[in-house]
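Residue numbers (full-length UniProt numbering): 1 to 271. Ideal Cβ placement from N, Cα and C applies to all residues, glycine included.
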Amino acid sequence: MGPLSFCGCGKQAFQKLCVDTTTFESCGQVCEKVFNCGIHKCARVCHSGECEPCDIKVQVECYCGKENCLKNCQKFKEKYEESRVGSYSCHQKCERPLGCGVHKCQLICHCGDCQSECSFSPKFVKTCPCGKKTVESILGHSRTACTDPIPVCESLCNKTLECGHKCQSNCHLGECSPCAVTVTRKCRCGRSEKTTLCSDSIEEYLCDFPCKQFKICGRHHCKLNCCPLSFKSKKGRKVIQENDEALEIFYHSCELTCNKLLTCGNHYCKE
Numbered sequence: 001m002g003p004l005s006f007c008g009c010g011k012q013a014f015q016k017l018c019v020d021t022t023t024f025e026s027c028g029q030v031c032e033k034v035f036n037c038g039i040h041k042c043a044r045v046c047h048s049g050e051c052e053p054c055d056i057k058v059q060v061e062c063y064c065g066k067e068n069c070l071k072n073c074q075k076f077k078e079k080y081e082e083s084r085v086g087s088y089s090c091h092q093k094c095e096r097p098l099g100c101g102v103h104k105c106q107l108i109c110h111c112g113d114c115q116s117e118c119s120f121s122p123k124f125v126k127t128c129p130c131g132k133k134t135v136e137s138i139l140g141h142s143r144t145a146c147t148d149p150i151p152v153c154e155s156l157c158n159k160t161l162e163c164g165h166k167c168q169s170n171c172h173l174g175e176c177s178p179c180a181v182t183v184t185r186k187c188r189c190g191r192s193e194k195t196t197l198c199s200d201s202i203e204e205y206l207c208d209f210p211c212k213q214f215k216i217c218g219r220h221h222c223k224l225n226c227c228p229l230s231f232k233s234k235k236g237r238k239v240i241q242e243n244d245e246a247l248e249i250f251y252h253s254c255e256l257t258c259n260k261l262l263t264c265g266n267h268y269c270k271e
C-alpha cells in the first residue's frame, strides 16, 4: 500500500496502492477552504488544485462615505486594507470636515486623509476666484484666517466649462453656472437644425421629414422620420460614411414579406 493521501479539501484520508497515488480522489463534500480574502469559504465540491479567487459580492463603501455598492470581495479587499476606510471613489466632492472645523474638503472622493490645512487658508488663497487679481489688490490688505471672505473682482470668470466653452458669469465663488452659450444643433438626419443653450439637455433632436430611401431588401421604402440614412448621393452612396453597415442594419432592415415571384413562376417568396 502507498502512503496515506488526502482528498482535495483535506477532510478525508485515503489509503491507496502505490500505482494509484497519483490519481485525484474527491470526498464529495463541499470544499470549505478559506479564500485568499480570509473571510469567505469555497462552496465548490471537493476539487483538485487551488480554489478560485473569491467571487462573492460584498457591500463596500466609497472613501468619503457618501455611497455604497456591491463589489467583488477579492478585488476590493486589497484596496480596503490599504486605505482602511472605503474601497473606491464615488467621484463626488469629499466634503469631510477639515482641521479648521469650519470648511469641508473640496477634493474628489479620495483614499487616505484629507489635506492637513484648510484650502481656504490665506496661505493658499492669494487671488480672487477667477485668478485675475490678488486678494490684497482688491481688499487693500491680506486675509488673516480661512473664515475671512474671499473677495471677487469685476472681470468675467472665463473658466473653461466641461463643454469647452468659457463661463460668462462675473468672477464668483463656488461652481460655475450651466453654460449659457447659444449653439445650433442638427437633427439626426441633418436636414433641420434648432438653436438652444449649450447646457440644455437634449437626448436627440428629431425632425418630421420621412425617409424615402429603399431598405436593404431593395423593394420597400423606409418611412422613418429623421432617418440618418435618408440622404444619398447621385451615385447612391450614403452621405454618412462612419459605421454605415451597422446603421444600415439598424435602420433599414426590412420586416415585411419579400413577396417576389420565384424563378418557378408559380410561387412567391415568403421571407
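Name the residue from the options whose alpha carbon lies nearest to the alpha carbon of residue i.
i: H110; options: E67, D148, K194 and T263; result: E67
i: D208; options: S199, C217, C187 and R219; result: C187
i: S155; options: L161, E162, H141 and H172; result: H172
i: Q59; options: C51, E52, A43 and C69; result: C69
i: C176; options: H165, K41 and I216; result: H165
i: I202; options: H220, G218, R219 and V183; result: V183
i: L197; options: E204, V181 and Y205; result: V181
i: F124; options: I150, G112, I138 and I108; result: I150
i: P97; options: C163, D113 and L206; result: D113
Rounded to the nearest angstrom, how far is the Cβ of residue i from that of residue j, given a contact under 8 Å?
i: S5; j: F14; result: 5 Å
i: S121; j: C146; result: 5 Å
i: C54; j: N36; result: 7 Å
i: E95; j: C118; result: Going by Cβ atoms, the distance from E95 to C118 rounds to 13 Å, so no, they are not a contact pair.
i: K215; j: C226; result: Contact flag wrong, Cβ pair sits at about 16 Å.
i: C105; j: Q115; result: 7 Å
i: L161; j: C189; result: Their Cβ separation, rounded to whole angstroms, is 29 Å, which puts L161 and C189 out of contact at 8 Å.
i: G86; j: C46; result: 37 Å between Cβ atoms; not a contact.
Determine which residues share a DSSP beta bridge with residue i and list them.
i: L70; result: Q59
i: Y268; result: L261
i: P97; result: K104
Would you say the beta carbon of residue i comes nearer than 8 Å to a heavy atom of the ligand NAP?
i: D113; result: Of ligands this structure carries none, so the ligand NAP is not represented either.
Taking the C-alpha atoms as reference points, what is the distance between residue i and residue j?
i: N266; j: C258; result: 15 Å
i: R191; j: P210; result: 11 Å
i: K260; j: C254; result: 14 Å
i: T134; j: H103; result: 22 Å
i: A43; j: C31; result: 6 Å
Would you mind listing the alpha helix (DSSP H) stretches within the region 109-171 that are 4+ residues and don't spill past its ends, in chain order?
-> 135-139
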